[in-house]
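> Take this structure, written in structure tokens, and hold onto it; I'll ask about it next.
Number of protein chains: 2
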Amino acid sequence: MTVTQGHPVVEETLDPEDWDELRALGHRMVDDLLDYLRTVRERPVWRPIPPELRARFRVPVPRAPEGAERAYQDFRDHVLPHPMGNIHPRFWGWVIGTGTPLGALAEMLAAGMNPNMGGGDHVPNQVEAQVLDWCKEMLGYPLAASGLLVSGGSMANLVGLAVARHARAGFDVRQKGVRDAAGPLTVYGSVETHSSVRKAVELLGLGSEALRLAPVTDEFEIDLAALERMIAEDRLAGCRPICVVGNAGTVNTGALDDLGALAALCERERLWFHVDGAFGALAALVPEYRRRLAPMARADSLAFDLHKWMYVPFEAGCTLVRDAETHRRAFSLTPDYLAHAERGLAAGDLWFTDYGVQLTRGFRALKVWMSLKEHGLDKYGRLIGQNIEQARYLAGLVREAPDLELMAPVPLNIVCFRYCATGRGDAALDGLNQELLIQLHEQGIAVPSNALLGGRFALRVAIVNHRSRLDDFDLLVREVRRIGAELAARGG
Amino acid sequence: MTVTQGHPVVEETLDPEDWDELRALGHRMVDDLLDYLRTVRERPVWRPIPPELRARFRVPVPRAPEGAERAYQDFRDHVLPHPMGNIHPRFWGWVIGTGTPLGALAEMLAAGMNPNMGGGDHVPNQVEAQVLDWCKEMLGYPLAASGLLVSGGSMANLVGLAVARHARAGFDVRQKGVRDAAGPLTVYGSVETHSSVRKAVELLGLGSEALRLAPVTDEFEIDLAALERMIAEDRLAGCRPICVVGNAGTVNTGALDDLGALAALCERERLWFHVDGAFGALAALVPEYRRRLAPMARADSLAFDLHKWMYVPFEAGCTLVRDAETHRRAFSLTPDYLAHAERGLAAGDLWFTDYGVQLTRGFRALKVWMSLKEHGLDKYGRLIGQNIEQARYLAGLVREAPDLELMAPVPLNIVCFRYCATGRGDAALDGLNQELLIQLHEQGIAVPSNALLGGRFALRVAIVNHRSRLDDFDLLVREVRRIGAELAARGG
Numbered sequence: 014m015t016v017t018q019g020h021p022v023v024e025e026t027l028d029p030e031d032w033d034e035l036r037a038l039g040h041r042m043v044d045d046l047l048d049y050l051r052t053v054r055e056r057p058v059w060r061p062i063p064p065e066l067r068a069r070f071r072v073p074v075p076r077a078p079e080g081a082e083r084a085y086q087d088f089r090d091h092v093l094p095h096p097m098g099n100i101h102p103r104f105w106g107w108v109i110g111t112g113t114p115l116g117a118l119a120e121m122l123a124a125g126m127n128p129n130m131g132g133g134d135h136v137p138n139q140v141e142a143q144v145l146d147w148c149k150e151m152l153g154y155p156l157a158a159s160g161l162l163v164s165g166g167s168m169a170n171l172v173g174l175a176v177a178r179h180a181r182a183g184f185d186v187r188q189k190g191v192r193d194a195a196g197p198l199t200v201y202g203s204v205e206t207h208s209s210v211r212k213a214v215e216l217l218g219l220g221s222e223a224l225r226l227a228p229v230t231d232e233f234e235i236d237l238a239a240l241e242r243m244i245a246e247d248r249l250a251g252c253r254p255i256c257v258v259g260n261a262g263t264v265n266t267g268a269l270d271d272l273g274a275l276a277a278l279c280e281r282e283r284l285w286f287h288v289d290g291a292f293g294a295l296a297a298l299v300p301e302y303r304r305r306l307a308p309m310a311r312a313d314s315l316a317f318d319l320h321k322w323m324y325v326p327f328e329a330g331c332t333l334v335r336d337a338e339t340h341r342r343a344f345s346l347t348p349d350y351l352a353h354a355e356r357g358l359a360a361g362d363l364w365f366t367d368y369g370v371q372l373t374r375g376f377r378a379l380k381v382w383m384s385l386k387e388h389g390l391d392k393y394g395r396l397i398g399q400n401i402e403q404a405r406y407l408a409g410l411v412r413e414a415p416d417l418e419l420m421a422p423v424p425l426n427i428v429c430f431r432y433c434a435t436g437r438g439d440a441a442l443d444g445l446n447q448e449l450l451i452q453l454h455e456q457g458i459a460v461p462s463n464a465l466l467g468g469r470f471a472l473r474v475a476i477v478n479h480r481s482r483l484d485d486f487d488l489l490v491r492e493v494r495r496i497g498a499e500l501a502a503r504g505g
Numbered sequence: 014m015t016v017t018q019g020h021p022v023v024e025e026t027l028d029p030e031d032w033d034e035l036r037a038l039g040h041r042m043v044d045d046l047l048d049y050l051r052t053v054r055e056r057p058v059w060r061p062i063p064p065e066l067r068a069r070f071r072v073p074v075p076r077a078p079e080g081a082e083r084a085y086q087d088f089r090d091h092v093l094p095h096p097m098g099n100i101h102p103r104f105w106g107w108v109i110g111t112g113t114p115l116g117a118l119a120e121m122l123a124a125g126m127n128p129n130m131g132g133g134d135h136v137p138n139q140v141e142a143q144v145l146d147w148c149k150e151m152l153g154y155p156l157a158a159s160g161l162l163v164s165g166g167s168m169a170n171l172v173g174l175a176v177a178r179h180a181r182a183g184f185d186v187r188q189k190g191v192r193d194a195a196g197p198l199t200v201y202g203s204v205e206t207h208s209s210v211r212k213a214v215e216l217l218g219l220g221s222e223a224l225r226l227a228p229v230t231d232e233f234e235i236d237l238a239a240l241e242r243m244i245a246e247d248r249l250a251g252c253r254p255i256c257v258v259g260n261a262g263t264v265n266t267g268a269l270d271d272l273g274a275l276a277a278l279c280e281r282e283r284l285w286f287h288v289d290g291a292f293g294a295l296a297a298l299v300p301e302y303r304r305r306l307a308p309m310a311r312a313d314s315l316a317f318d319l320h321k322w323m324y325v326p327f328e329a330g331c332t333l334v335r336d337a338e339t340h341r342r343a344f345s346l347t348p349d350y351l352a353h354a355e356r357g358l359a360a361g362d363l364w365f366t367d368y369g370v371q372l373t374r375g376f377r378a379l380k381v382w383m384s385l386k387e388h389g390l391d392k393y394g395r396l397i398g399q400n401i402e403q404a405r406y407l408a409g410l411v412r413e414a415p416d417l418e419l420m421a422p423v424p425l426n427i428v429c430f431r432y433c434a435t436g437r438g439d440a441a442l443d444g445l446n447q448e449l450l451i452q453l454h455e456q457g458i459a460v461p462s463n464a465l466l467g468g469r470f471a472l473r474v475a476i477v478n479h480r481s482r483l484d485d486f487d488l489l490v491r492e493v494r495r496i497g498a499e500l501a502a503r504g505g
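Residue numbers (this note's numbering), protein chains in the order written: chain A, 14 to 505; chain B, 14 to 505.
As structure tokens, this is what we get:
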């Protein structure tokens with residue numbers, strides 16, 4: 014209770030009454046969490062949620078305080094035992110990163126300092142600027158480029174395409190809107206282009222019809238001749254092509270488009286060249302892939318994730334844009350009450366909000382910064398290489414097994430295969446492999462996901478996991494063959 | 014080193030070699046962070062960054078490992094001493110929340126579990142669903158509504174307006190794009206509407222010209238008659254009005270539009286009613302404001318932040334949408350490889366990626382969930398009320414001081430005022446108050462920001478800070494008058 018100018022008041026705060034109690038709880042959280050991560054291999058990858066547990070999450074908001082201790086107990090007892098599973102060595106579903114112990118601790122520090130990374134002159138902003146410089150450096154992208162850490166690949170693609178729209182519409186699209194375009198503003202990719210590109214094209218008001226998807230080769234790489242024809246035909250039909258999206262690692266099979274050829278095509282056609290390198294861009298850290306990915310440096314914008322193949326906890330994606338001023342002009346509003354000052358907190362030249370959608374931004378840079386210091390860049394290169402080697406190893410096991418079929422080339426870290434019971438057609442195999450996938454999950458063995466390739470259902474293993482070991486893939490193949498044989502015997 | 018099928022390999026991981034060492038480091042981080050937060054009041058709110066410190070963030074990416082210990086030392090020695098300042102009791106700049114100690118610990122737990130909240134059948138998704146239900150409950154919004162936790166108010170507004178565009182364009186805007194519209198799709202707000210609404214309108218391809226801003230009353234509330242005229246005139250001119258954005262707490266002065274009247278107008282005109290309640294929506298937890306904010310329940314979509322007036326660490330905003338199916342249809346793509354399954358991890362009915370931009374989503378729900386359990390909803394109501402009382406108290410101090418001038422009504426938690434040296438015109442006062450604001454920052458006393466009101470520069474204090482006490486405002490007024498008098502004496 015304070016007495017101020019005659020006002021006696023009881024002032025409350027959300028700070029703890031007893032800091033030592035919270036400190037002890039914090040220590041227990043660290044202990045429990047590190048034990049949990051250290052022993053993750055001993056537990057099932059995933060397990061079904063019991064119905065009575067679901068019911069716990071259907072109760073009204075607590076009105077009275079339960080305390081920090083109780084809040085943590087509820088987490089430990091009811092949430093922690095049922096993770097998604099992507100921290101486990103045998104999680105290879107979708108393209109979902111693993112996270113690291115220090116990354117989790119860094120998130121605590123970031124949230125404790127809790128800066129708003131929208132702008133202002135404070136050191137956390139310097140950390141983000143340095144992380145962006147490091148990203149440019151490690152991907153061979155020009156240092157004069159602008160950049161922005163974002164929530165992930167979807168937002169990274171959206172930011173890149175928003176700048177593309179702004180730069181190539183041919184009129185002030187921010188002011189006039191897309192309706193002012195003389196002809197449809199068209200965007201190009203391949204049929205293997207990630208769905209987030211479609212989401213971005215829709216959100217930007219271009220319409221999914223304006224997203225033209227070229228066919229792919231047998232290697233699932235964009236068919237360049239077909240792409241060129243589509244662009245020419247669209248121009249003849251009155252469209253205004255603005256952008257080509259190149260894939261550095263497609264989501265289904267990990268295919269890498271011919272980025273050099275796409276860069277040349279975009280220069281020739283004066284189109285914005287955006288590279289979606291959600292996970293694949295980071296393969297540039299592996300010597301074998303460096304040359305193949307070098308043309309990323311010619312992209313006008315480059316989107317990739319740090320929470321996939323850099324293994325940092327969610328969320329951390331990144332967009333780099335070659336022409337910083339174009340990037341700024343595509344987003345900056347800088348309203349009166351945010352006018353940048355000469356001195357004081359509102360000074361400084363790092364106003365990230367001028368480069369993207371968010372105004373309030375968390376300190377996601379810290380976990381990246383601390384992780385790169387902890388391990389050094391070279392180790393990330395080795396780990397990414399290790400995941401690629403694991404994919405090749407798995408592909409080898411699949412090839413050797415008479416009852417398994419490799420469904421696509423393995424150019425990077427993704428392996429698509431299926432169990433093949435003799436004498437069964439594709440429809441029956443689709444059903445069998447669907448059930449097989451679910452049993453892998455339900456039995457807690459491993460979490461692949463699936464892909465449809467040429468209409469056929471494939472088990473899909475995407476390896477962006479620093480905990481996986483070669484023997485995990487031995488186990489996977491053994492179990493797939495066991496369950497597959499059981500299902501085939503049952504006529505499944 | 015493992016030997017697998019004859020392959021001898023040294024497999025690496027990002028897990029620590031010595032878990033106990035990391036555990037000890039984690040304990041030290043908890044200790045340091047809690048000490049830092051406990052003693053925050055003893056330090057300056059903000060201080061300038063020395064040039065030699067900036068230089069530290071201009072060095073190349075480390076190639077070799079430096080270790081977790083060293084990474085933490087670099088953070089503690091070079092980053093932690095220069096926060097933005099919003100964790101300090103006398104930070105009232107822009108509208109930037111404070112964070113809490115347990116909130117920071119919760120972020121560590123969230124990043125340790127590291128689920129991808131895009132979808133799937135795991136308990137973290139249940140936690141987000143419960144947090145969304147709690148948000149509906151506390152704001153009196155229908156429980157059948159859909160919702161999504163997002164990065165903050167900018168994204169929350171973007172999601173709401175994207176649904177509005179989809180629902181009211183009158184054609185399939187996702188497929189056809191905005192260019193297909195017969196007339197401009199127009200969106201309405203007041204001149205006090207937040208810049209993030211403009212950013213959203215631009216991003217959605219509608220064009221900033223399609224954002225029509227009605228004038229405001231002396232209380233900075235939207236002029237309803239003028240709004241109605243604008244809509245009628247636009248219809249006559251061939252526009253297709255789709256949405257009105259109502260303000261629950263404007264950024265400049267905290268004004269609340271007449272939401273009941275706006276809801277009625279939108280029903281009459283068949284327009285989408287979106288409420289931007291970034292911070293103001295939460296005032297519904299204070300009995301005095303309940304009735305005034307009750308019409309939020311009639312909004313088609315409602316955007317607000319949990320990292321502002323719920324004080325949780327960044328990032329945590331929220332969009333609620335009354336018609337869940339419309340919300341889903343505005344965003345869902347559900348590509349093949351994400352097809353929702355009947356059983357296994359890929360089952361479940363919580364696919365948040367169907368309701369927004371992000372595909373990968375972090376576990377931001379956990380800090381909200383644990384915080385509401387820790388303190389109970391009633392305490393949040395009292396703290397928000399406390400901030401409002403503090404604003405009134407400060408306004409009273411300003412009114413009593415002969416050399417201070419209140420520049421706007423104080424309907425909520427924002428106080429705009431200036432130092433008034435006698436005999437000086439507005440231009441001179443603008444300059445004096447600008448310098449005064451910078452000195453408040455530079456001397457580490459307090460961080461207000463500023464507003465331009467009727468073209469005049471005002472010091473702006475926005476209170477969403479659970480650490481502020483009444484005597485902090487006594488100190489602010491004392492220091493503003495001291496610095497103001499010094500500057501006036503110098504002819505500044």
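A virtual CB, placed ideally from N, CA and C, is assigned to each residue, including glycine.
What you are looking at is a predicted structure, and each value in this text was computed from that prediction instead of being measured.
If we define contact as Cβ-Cβ less than 8 Å, is Asp349 of chain A a contact residue for chain B?
Any reading at Asp349 of chain A needs caution, since the residue's pLDDT is 49, under 50, leaving its predicted position unreliable; the model's value is listed next. Output row for Asp349 of chain A: interface = yes.
> Report yes or no: do three or more beta-carbon pairs, one from the region 219-227 of chain B and one from the region 275-288 of chain B, lie closer than 8 Å?
Cβ pair count under 8 Å is below three, so no.
> Just verifying my parser: in three-state terms, what is the DSSP assignment at Ala471 of chain B?
Three-state DSSP puts Ala471 of chain B in a strand.
> Smallest Cα separation from Ala239 of chain B: which of B:Phe376, B:Phe365, B:Asn265 and B:Val204?
Of B:Phe376, B:Phe365, B:Asn265 and B:Val204, the residue nearest in Cα terms is B:Val204.
> For the region 297-319 of chain B, enumerate the residues whose C-beta is nearer than 9 Å to any C-beta of chain A, in chain order.
The residues in question are Asp318.
> If you measure from the beta carbon of Asp416 of chain B to each beta carbon in chain A, is any gap under 8 Å?
No, Asp416 of chain B does not count as interfacial toward chain A.
> Return the chain-ordered ranges of every alpha helix (DSSP H) run that is complete within the region 158-204 of chain A and spans a minimum of 4 residues.
Runs found: 166-181 and 186-189.
> What does DSSP give as the partner residues of Gly330 of chain A in its beta bridges?
DSSP lists A:Val163 and A:Asp318 as partners of Gly330 of chain A.
> To the nearest whole angstrom, what separates the beta carbons of Thr263 of chain A and Phe233 of chain A, a pair I think is in contact under 8 Å?
Indeed, because the Cβ distance is near 6 Å, the residues count as touching under 8 Å.
> Quick one: which chain B residues come within Cβ less than 9 Å of Ala268 of chain A?
Those do not exist, as Ala268 of chain A stays about 14 Å from chain B at its closest Cβ, beyond 9 Å.
> Which chain B residues sit within Cβ distance under 7 Å of Pro63 of chain A?
Neighbours of Pro63 of chain A on chain B: none; closest Cβ ~10 Å, over 7 Å.
> Terminal residues of the continuous alpha helix (DSSP H) containing Phe292 of chain B?
From DSSP, Phe292 of chain B is part of no alpha helix (DSSP H); its letter is neither H nor E.
> Any idea which residues DSSP pairs Trp285 of chain B with across the strands?
Answer by DSSP bridge pairing, in chain order: B:Cys256.
> Rounded to whole angstroms, how far is the Cβ of Glu289 of chain A from the Cβ of Asn260 of chain A, which I believe are closer than 8 Å?
Checking the sequence shown, residue 289 of chain A turns out to be Asp, not Glu. Contact flag correct, Cβ pair sits at about 6 Å.
> So the candidates are B:Asp231, B:Arg304, B:Thr230 and B:Ala194; which of them puts its Cα closest to the Cα of Arg253 of chain B?
Ranking the options by Cα distance to Arg253 of chain B, first place goes to B:Ala194.
> Starting from the Cα of Arg335 of chain B, find the closest Cα among B:Pro422, B:Leu419, B:Val176 and B:Arg281 and give me that residue.
That would be B:Val176, whose Cα lies nearest to the Cα of Arg335 of chain B.
> Tell me whether His114 of chain A sits in a helix, a strand or coil according to DSSP, three-state version.
One detail in the question is off: residue 114 of chain A reads as Pro in this sequence, not His. Looking at Pro114 of chain A - three-state DSSP - the assignment turns out to be helix.
> If you draw a straight line from the alpha carbon of Trp59 of chain A to that of Asn265 of chain B, how long is it in whole angstroms?
So the two alpha carbons sit approximately 49 Å from each other.
> Using C-beta distances below 8 Å, list every residue in its chain close to Arg248 of chain A, excluding the 5 sequence neighbours before and after it, in chain order.
For Arg248 of chain A, where only same-chain residues beyond five positions count, the Cβ hits under 8 Å are Pro254.
> So for Trp32 of chain A, helix, strand or coil by DSSP?
Three-state DSSP puts Trp32 of chain A in a helix.
> Under a CB-based cut-off of 8 Å, is Tyr432 of chain B close to chain A?
No, no contact with chain A.
> In the DSSP assignment, find the alpha helix (DSSP H) that holds Ala441 of chain A and state where it starts and stops.
Taken as a continuous stretch (DSSP letters only), the alpha helix (DSSP H) holding Ala441 of chain A covers Asp439 to Glu455.
> What residue range does the beta strand (DSSP E) around Cys429 of chain B cover?
Residues Ile427 to Tyr432.
> Compare the beta carbon distance of Leu385 of chain B and Val74 of chain A with 8 Å and say whether it is the shorter of the two.
Yes; because the gap between Cβ atoms is below 8 Å, this pair is in contact.
> Does His340 of chain A have its Cβ less than 8 Å from a Cβ in chain B?
So no, His340 of chain A is outside the interface.
> For Pro94 of chain A, count the other beta carbons within 10 Å of its own beta carbon; 16 or more makes it buried, fewer makes it exposed. Which is it?
Pro94 of chain A should be labelled exposed.
> What does the alpha-carbon distance come out to for the pair Pro114 of chain B and Glu25 of chain A?
Each residue's Cα considered, the two are about 15 Å apart.
> Under 7 Å, CB to CB, which of the residues in the region 388-404 of chain B have a partner in chain A?
Result list: His388, Gly389, Leu390, Asp391, Lys392, Arg395, Leu396 and Gln399.
> Determine whether the Cβ of Asn129 of chain B lies closer than 8 Å to any Cβ atom of chain A.
Cβ-Cβ to chain A under 8 Å: yes for Asn129 of chain B.
> Does DSSP classify Pro461 of chain A as helix, strand or coil?
DSSP places Pro461 of chain A in strand when its eight states are reduced to three.
> Taking all protein chains shown into account, decide if Phe184 of chain A is buried (16 or more other Cβ within 10 angstroms of its Cβ) or exposed.
So Phe184 of chain A counts as exposed.
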